[in-house]
């Protein structure tokens with residue numbers, strides 16, 4: 003169980019979906035950052051269930067409480083613990099699932115790994131675990147924004163087979179993303195996506211999708227070759243989010259079909275620094291940010307928990323039909339947008355702090 | 003610079019492309035594994051340059067020497083250091099590149115990160131760095147094979163736009179993969195790929211491609227939620243390989259377009275365990291292996307170093323035309339096959355050792 | 003700020019002395035251990051203030067609440083978060099200290115490190131931080147006791163210049179230790195120690211002391227050379243406890259004055275294993291436990307916060323006289339006994355889990 | 003086997019006493035430090051055997067070779083690998099010891115831990131392993147000296163019961179320490195110590211001793227509470243050195259016998275900073291350096307390998323008499339002086355780099 007992420011800015015999350023609550027401890031947050039609960043709540047509200055008819059009806063206010071590490075509205079440099087209480091639990095919904103592992107869910111693998119029956123409702127495999135990440139990510143974003151002017155914006159670029167035209171990636175902002183509940187900045191596509199999700203919901207089925215994420219104003223020099231390259235840590239971060247199946251940066255899988263002469267990002271002068279004419283690299287070269295925007299995409303599978311009856315077997319191997327109850331998202335991507343942003347922020351803040359060891363500045 | 007990978011079975015690589023040599027230290031290899039240099043040399047030979055006309059002409063024998071950690075043909079449980087000397091260096095080839103950063107290579111970002119001119123030939127960003135990984139991976143594979151019967155086989159599934167039909171993934175073996183220099187197990191496709199690579203080489207250009215990797219006989223229970231999930235560590239491992247742009251597991255990006263009812267892998271009884279009818283999950287659920295084969299794909303971009311003239315700027319921002327010399331692969335995927343296998347082995351061995359903490363067995 | 007300890011069984015503590023509360027997250031506790039709050043409360047009660055007239059009058063019940071990681075009275079193998087609320091805070095007591103750094107306390111160094119004024123009452127440097135350690139240690143002890151029969155017993159062996167005769171180290175138990183409030187198992191010495199502490203208290207002064215700790219039934223093989231040797235991690239663990247100034251294992255500093263021929267612990271047969279006739283090694287050889295009891299001693303300085311007026315300077319360097327208020331222990335060793343035990347347990351549990359990677363057993 | 007030390011400046015050592023060689027990889031050394039092999043050789047020469055009649059007659063030149071990470075006499079910021087070959091091996095000397103574990107040596111515990119017979123000559127438990135530490139420490143010292151003016155000087159303060167008067171700790175330099183082969187800066191005491199060591203050698207016996215170490219010009223702010231406090235990491239570092247039994251900082255064990263009013267280091271103005279009148283704290287308060295010199299002491303036991311016959315048992319438990327051959331130091335402290343300095347440097351360089359994350363400076 004590795005519930006910690008990061009080397010210098012290290013987040014440890016805790017909590018199950020149906021226990022007392024979920025939260026995180028952030029160890030290594032620099033001192034002196036102005037911070038209160040509203041900074042964090044904003045992103046939690048974008049992640050929380052029951053925010054629209056497209057999401058699970060489980061109704062959790064998800065109010066964050068900061069337990070330590072802050073004094074007079076500023077970070078102390080000591081561990082910041084924060085917590086969100088679970089309130090709307092219905093463990094009874096999960097009774098059948100204790101004997102029948104849900105297909106493509108984590109019931110079976112948790113049993114095999116831990117040898118104890120997973121908690122009702124998914125335990126740590128529940129998306130509820132990501133609350134701690136989003137809260138920690140909000141703090142990371144605050145630091146990145148204040149010190150470096152870094153902006154991180156993610157949006158839904160496809161739902162099922164419905165693909166949005168690429169927005170003006172250099173200027174898209176969260177406000178535009180949040181105009182639709184589905185979090186696609188293109189209004190026409192957003193409508194189609196909404197319809198598709200609602201149709202799937204009606205059919206007791208579920209849909210997948212893809213999120214695109216953009217990180218602007220990232221200074222050159224972030225990334226720690228050879229194993230903690232920027233794209234390697236981003237890939238780990240994204241694939242640690244529940245329901246993800248793929249990650250690509252810059253040209254991604256499509257780039258594997260290009261010629262080198264077309265794929266190469268030639269340098270041009272941009273003010274006092276060098277920039278690149280194109281950005282097939284997605285903002286990283288050799289594992290290190292080059293000053294261009296970091297852009298990547300994350301694929302999410304359709305949620306495993308559906309109400310359609312499924313012919314499967316129970317833990318003992320006996321044939322059965324599973325009809326999942328519980329309250330579930332028909333498509334996770336709208337709520338996953340702030341999760342992707344938060345994990346990106348956690349990667350970047352850690353790399354920014356690690357890079358400081360190479361500056362010439364001495365401590366005092 | 004994070005040149006270490008793994009928690010219990012931890013590899014640290016060292017060495018630049020044009021220094022004295024490259025190598026690795028493996029800390030945490032269990033004692034008592036039979037091991038000598040031939041176990042390692044086999045995979046190094048599959049990775050080494052000049053093994054066919056499709057690869058760089060740089061001629062390195064890449065003979066590995068074990069410096070420590072072995073006695074009487076068995077691992078001692080102490081750090082295993084190993085090294086490969088560089089012999090065929092031609093730093094003069096790289097003279098122009100010291101003033102002109104190669105487009106889409108790491109020259110510029112290393113300069114921005116470290117503030118010192120990168121070594122001729124790419125330094126740590128050279129694919130030569132991966133020798134240490136392949137050597138360490140060979141040791142990991144030995145352990146995984148002896149203790150668990152795990153088999154790891156990767157192959158080239160696309161080169162540029164040429165895509166091979168999927169082989170019988172359950173039975174494809176390395177011998178079949180190695181039948182062609184391009185490492186595609188389908189003979190007809192291999193021939194087309196070879197032609198395409200040779201044509202690109204003639205045109206002073208380069209091609210990308212995709213590698214598919216299969217891990218069979220992986221026991222259920224491997225993966226450490228929530229941040230060190232099996233797919234998260236695989237993603238990190240793969241995206242840390244030079245020239246990679248994407249990673250997907252199981253259904254991957256295509257899975258994002260499926261319905262949940264079609265995507266879910268329903269359980270069936272397989273002998274004494276549960277298995278799944280389909281394997282869209284790619285062998286992992288909730289971040290933990292489920293006993294089905296782990297299958298994933300890795301996208302490689304076309305190599306950045308091409309001999310075609312490129313209009314770009316030098317470090318000072320002055321317009322220039324770069325004509326790269328040096329000896330380079332026109333397409334890296336044939337030689338990247340053992341690198342992908344090795345990184346997969348490093349992920350699995352570490353997860354296997356970490357999972358042992360949960361067994362009921364006491365130490366003595 | 004590194005508030006995490008351990009590689010596989012990893013504890014992260016959080017909380018300041020005068021914020022909302024203090025606590026810990028334990029990541030990597032094996033699943034299936036029976037555990038509830040009473041297991042933890044026992045040791046917290048031995049650590050808590052106001053338990054006798056020898057300790058600070060700050061009155062905290064220190065009731066622990068488990069927030070996650072437990073279901074049906076058993077550990078799930080997921081992170082265990084636990085918390086103790088602060089109730090009896092009197093920040094006003096610390097007003098002068100915000101401008102005058104207390105001599106030999108952490109006020110000055112926290113200011114220099116973090117650049118923000120430390121919280122009233124010592125913040126993270128307060129002994130209150132150790133609550134999270136004691137809670138986590140209690141869980142570690144549960145595991146060590148159930149799986150290995152390991153017993154950890156610490157006691158006060160000196161207070162100031164008053165030294166207790168060595169108890170029968172092989173059989174001393176906590177009940178005997180707790181017979182006196184001062185936690186010295188020898189009744190006569192305990193009385194003298196009590197008198198000395200009371201006298202120092204009356205004189206507005208403070209006393210130091212030494213704690214001896216014994217770990218019985220530790221299996222041979224624990225310790226990870228060369229940097230995580232058992233004694234190295236114990237030394238780190240002990241010197242991370244507030245107010246500690248020294249650590250010695252086995253013969254310790256006195257051993258440096260012995261001849262090798264007298265110091266060597268010759269082997270004898272003990273049942274099915276080898277044992278040693280003497281135990282100058284203190285249960286570890288070459289950094290690895292040898293099956294004999296681990297025995298070590300920890301030196302604590304007299305508490306820095308005293309009510310006697312002290313001529314010192316304020317943060318600006320102006321002469322001043324500091325008369326500390328607040329409520330403080332005149333001697334910390336009685337309450338430090340469970341802290342020492344807990345840190346020992348955290349070291350041993352982590353080493354026990356790490357050693358399991360070397361067993362021949364496979365996962366399934 | 004944890005052969006890595008440090009978080010940002012991380013050293014991994016490798017090599018057995020009687021294999022091909024020993025060495026280290028330093029990952030995270032900042033770029034741009036001027037460095038060549040002579041910088042390192044100087045400290046290796048102070049550590050090497052056969053440097054005087056007081057040390058083992060094993061004759062090893064211990065010439066270091068840098069394998070990677072340096073170009074044009076400057077560090078690249080990439081891993082620095084370095085190696086020293088073993089040349090004077092006599093494994094035959096160790097034949098009896100393969101069946102009879104040497105008392106108070108690591109033969110038995112390595113067998114119990116790794117389940118394979120330890121290499122002749124002690125394997126990783128040999129003091130020869132410390133070569134990698136000393137080489138890495140020399141690099142760390144170079145950085146600390148250039149950037150911060152930090153000076154680290156250790157010396158032999160006692161051999162057996164012979165105790166040197168404290169030198170002028172503020173000004174003692176290595177040249178004075180090295181005036182005598184025993185490395186005690188006081189000439190009269192050095193002579194007595196020499197006589198005592200020679201007498202023990204004649205008697206086929208061995209002696210212990212204590213080393214004092216002083217670190218001057220350490221900036222305030224180094225140390226990472228709560229587990230990586232400066233004194234905690236120093237304690238770990240020192241107790242990881244072979245043959246150590248104790249560590250104390252500042253007043254140490256003696257401090258436990260003082261009154262708080264006498265022990266407290268009151269503040270005074272020293273130039274632009276605050277300093278303390280006394281230094282019972284040993285340069286650290288609350289786990290963080292306060293700008294005063296860091297001073298600590300390390301106790302070494304008498305070497306376990308002696309030529310005097312010892313009544314003991316073999317691995318099977320049969321009575322036997324062991325007469326150790328091999329070539330051994332009668333007292334390790336003279337050669338341990340640079341080892342202590344090196345480990346101190348490794349702790350300080352890592353803490354200095356970690357503290358940089360808290361400066362306000364941004365990366366670009």
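Chains as they are written, first to last, in this note's numbering: chain A, 3 to 366; chain B, 3 to 366; chain C, 3 to 366; chain D, 3 to 366. Note that CB positions come from ideal geometry on N, CA and C, so glycine has one too. If you're wondering where the values come from, they're calculated on a predicted model, not measured in any experiment.
Using a Cβ-Cβ distance under 8 Å, would residue 114 (chain A) count as near chain B?
For the purposes of this step, residue 114 (chain A) is identified with residue 112 of the first chain, where counting begins at 1. Chain B contact via Cβ: present.
How about residue 313 (chain C): is its C-beta nearer than 8 Å to some C-beta of chain D?
Position 311 of the third chain, counted from the first residue, corresponds to residue 313 (chain C). With 8 Å as the cut-off, residue 313 (chain C) counts as an interface residue toward chain D.
Can you give me the Cβ contacts of residue 211 (chain D) inside the same chain, cut-off strictly under 7 Å, excluding the 5 residues immediately before and after it?
Numbered from 1 along the fourth chain, position 209 holds the residue referred to as residue 211 (chain D). Cβ neighbours of residue 211 (chain D) beyond the five flanking positions: 158, 160, 161, 162, 302, 333, 335.
Nearest to residue 265 (chain D) (by Cα), restricted to the options D:201, D:253, D:53:
Looking up residue 265 (chain D) in the fourth chain gives position 263. The option with the nearest alpha carbon to residue 265 (chain D) is D:253.
Would you say the beta carbon of residue 128 (chain C) comes nearer than 7 Å to a heavy atom of the ligand FAD?
Because no ligand of any kind appears in the structure shown, any question about the ligand FAD cannot be addressed here.
So for residue 275 (chain A), helix, strand or coil by DSSP?
As a working note, residue 275 (chain A) is residue 273 in the first chain. It is a strand residue.
Quick one: is residue 107 (chain B) near chain A, going by C-beta distance under 8 Å?
Indexing the second chain from 1 puts residue 107 (chain B) at position 105. At least one chain A Cβ lies under 8 Å of residue 107 (chain B).
Reduced DSSP category for residue 297 (chain A) - H, G, I as helix; E, B as strand; rest coil:
The residue labelled residue 297 (chain A) in the question sits at position 295 within the first chain. Strand.
Assign residue 203 (chain D) to buried or exposed, taking buried as 16 or more other Cβ atoms, counted over all protein chains shown, within 10 Å of its Cβ.
By one-based count along the fourth chain, residue 203 (chain D) stands at place 201. Flag for residue 203 (chain D) reads buried.
Listing by chain order, which chain C residues have their CB less than 8 Å from the CB of residue 19 (chain A)?
Stepping through the first chain from its first residue, residue 19 (chain A) is reached at position 17. The premise fails here: residue 19 (chain A) is roughly 10 Å from chain C at the closest Cβ pair, so nothing lies under 8 Å.
Assuming the contact rule is C-beta atoms closer than 8 Å, residue 363 (chain D) and residue 361 (chain A) should be a hit. Round their C-beta distance to whole Å, please.
By 1-based counting over the fourth chain, the position of residue 363 (chain D) is 361. By 1-based counting over the first chain, the position of residue 361 (chain A) is 359. 6 Å between Cβ atoms; contact.
Beta-ladder partner(s) of residue 175 (chain C), from DSSP
Reading the third chain from its first residue, position 173 is the one you call residue 175 (chain C). According to DSSP, which records beta bridges pairwise, residue 175 (chain C) is partnered with nothing at all.
Hey, would you say residue 279 (chain A) sits closer than 8 Å to residue 286 (chain A), going by beta carbons?
In the first chain, residue 279 (chain A) corresponds to position 277, counting from 1. In the first chain, residue 286 (chain A) corresponds to position 284, counting from 1. No, they are not a contact pair.
What did DSSP end up calling residue 134 (chain B) once you bin it into helix, strand or coil?
Residue 134 (chain B) sits at position 132 when you count from the first residue of the second chain. Reduced to three states, the DSSP call for residue 134 (chain B) is helix.
I need the boundaries of the alpha helix (DSSP H) containing residue 160 (chain A), first residue and last residue.
As a first step, residue 160 (chain A) is located in the first chain; it is residue number 158 there, counting from the start. Looking at the DSSP string, residue 160 (chain A) is not in any alpha helix (DSSP H); the run it does join, the beta strand (DSSP E), is 153-161.
In angstroms with no decimal places, state the Cα-to-Cα distance between residue 357 (chain A) and residue 221 (chain A).
What you label residue 357 (chain A) is simply residue 355 of the first chain in a count that begins at 1. What you label residue 221 (chain A) is simply residue 219 of the first chain in a count that begins at 1. Spanning the two alpha carbons is a distance of roughly 11 Å.
With distances taken between CB atoms, is the gap from residue 25 (chain D) to residue 83 (chain B) smaller than 8 Å?
Numbered from its first residue, the fourth chain carries residue 25 (chain D) at position 23. Numbered from its first residue, the second chain carries residue 83 (chain B) at position 81. Yes, these two residues count as a Cβ contact at 8 Å.
Indicate whether at least one CB of chain B lies closer than 8 Å to the CB of residue 356 (chain D).
Position 354 of the fourth chain, counting from 1, holds the residue named residue 356 (chain D). So, not an interface residue.
How would you call residue 28 (chain C), buried or exposed, if buried means at least 16 neighbouring beta carbons within 10 angstroms?
In the third chain, counting from the first residue as 1, residue 28 (chain C) sits at position 26. Counting the other CB atoms within 10 Å of its CB gives residue 28 (chain C) a total of 16 or more, which places it among the buried residues.
Minimum C-alpha distance to residue 118 (chain C) - residue among A:118, A:33, A:103:
Residue mapping note: residue 118 (chain C) aligns to position 116 of the third chain, counting from 1. For residue 118 (chain C), the closest C-alpha among the options A:118, A:33, A:103 is that of A:33.
Contact set between residue 342 (chain D) and chain C, taken where Cβ atoms lie within less than 8 Å:
Start at 1 with the first residue of the fourth chain, and residue 342 (chain D) comes out as number 340. Contact of residue 342 (chain D) with chain C by beta-carbon distance below 8 Å is absent, the smallest such distance being about 14 Å.
Say whether the region 184-196 of chain C touches the region 318-326 of chain C, bearing in mind that this needs 3 or more beta-carbon pairs closer than 8 Å, one atom from each stretch.
no
How many angstroms separate the CA atom of residue 45 (chain B) from the CA atom of residue 136 (chain B)?
The sequence position of residue 45 (chain B) within the second chain is 43, counting from 1. The sequence position of residue 136 (chain B) within the second chain is 134, counting from 1. Each residue's Cα considered, the two are about 7 Å apart.
Among all the DSSP beta bridges, which residues are the ones paired with residue 323 (chain B)?
Position 321 of the second chain holds residue 323 (chain B). Note: residue 323 (chain B) sits in a beta bridge opposite B:313.
Proximity test, Cβ basis, 8 Å: residue 149 (chain D) and chain A
As a working mapping, residue 149 (chain D) is identified with position 147 in the fourth chain. At a cut-off of 8 Å, the C-beta of residue 149 (chain D) has a neighbouring C-beta in chain A.
Any beta strand (DSSP E) of 3 or more consecutive residues that is wholly inside the region 181-258 of chain A
211-218, 246-251
Can residue 140 (chain A) and residue 344 (chain A) be called in contact, C-beta distance under 8 Å?
For the purposes of this step, residue 140 (chain A) is identified with residue 138 of the first chain, where counting begins at 1. For the purposes of this step, residue 344 (chain A) is identified with residue 342 of the first chain, where counting begins at 1. Taking 8 Å as the Cβ cut-off, residue 140 (chain A) and residue 344 (chain A) qualify as a contacting pair.
When you compare each of C:177, C:171, C:255, C:223 to residue 215 (chain C) by their alpha carbons, which one comes out closest?
Taking the first residue of the third chain as 1, we reach residue 215 (chain C) at position 213. Of C:177, C:171, C:255, C:223, the residue nearest in Cα terms is C:171.
Burial state of residue 4 (chain C), where buried means 16 or more other Cβ atoms lie within 10 Å:
Taking the first residue of the third chain as 1, we reach residue 4 (chain C) at position 2. Looking at its Cβ environment, which holds 16 or more other Cβ atoms inside 10 Å, residue 4 (chain C) is buried.
Tell me whether the beta-carbon of residue 213 (chain C) lies closer than 8 Å to the beta-carbon of residue 342 (chain C).
Working through the third chain from its first residue, we reach residue 213 (chain C) at position 211. Working through the third chain from its first residue, we reach residue 342 (chain C) at position 340. Their beta carbons are under 8 Å apart, which means residue 213 (chain C) touches residue 342 (chain C) by this criterion.
Report yes if the CB atom of residue 292 (chain A) is closer than 8 Å to the CB atom of residue 111 (chain B), and no otherwise.
What you label residue 292 (chain A) is simply residue 290 of the first chain in a count that begins at 1. What you label residue 111 (chain B) is simply residue 109 of the second chain in a count that begins at 1. A contact, by the Cβ cut-off of 8 Å.
Rounded to a whole number of angstroms, what is the C-alpha to C-alpha distance between residue 195 (chain B) and residue 10 (chain A)?
By 1-based counting over the second chain, the position of residue 195 (chain B) is 193. By 1-based counting over the first chain, the position of residue 10 (chain A) is 8. Roughly 45 Å between the two C-alpha positions.
Give me the Cα-Cα distance between residue 164 (chain D) and residue 258 (chain C), rounded to the nearest whole angstrom.
Here residue 164 (chain D) is taken as the residue at index 162 of the fourth chain, counted from 1. Here residue 258 (chain C) is taken as the residue at index 256 of the third chain, counted from 1. Answer to the nearest angstrom: the Cα atoms are 11 Å apart.
Taking buried to mean at least 16 other C-beta atoms within 10 Å of its own C-beta, is residue 274 (chain B) buried or exposed?
Here residue 274 (chain B) refers to the residue found at position 272 of the second chain. Exposed.
Quick check on residue 167 (chain C): buried or exposed, where buried means 16 or more other Cβ atoms within 10 Å of its Cβ?
Position 165 of the third chain, counted from the first residue, corresponds to residue 167 (chain C). It counts as exposed.
Where residue 262 (chain C) falls: helix, strand or coil (DSSP)
Walking along the third chain from the start, residue 262 (chain C) turns up at place 260. Residue 262 (chain C): helix per DSSP, three-state reduction.
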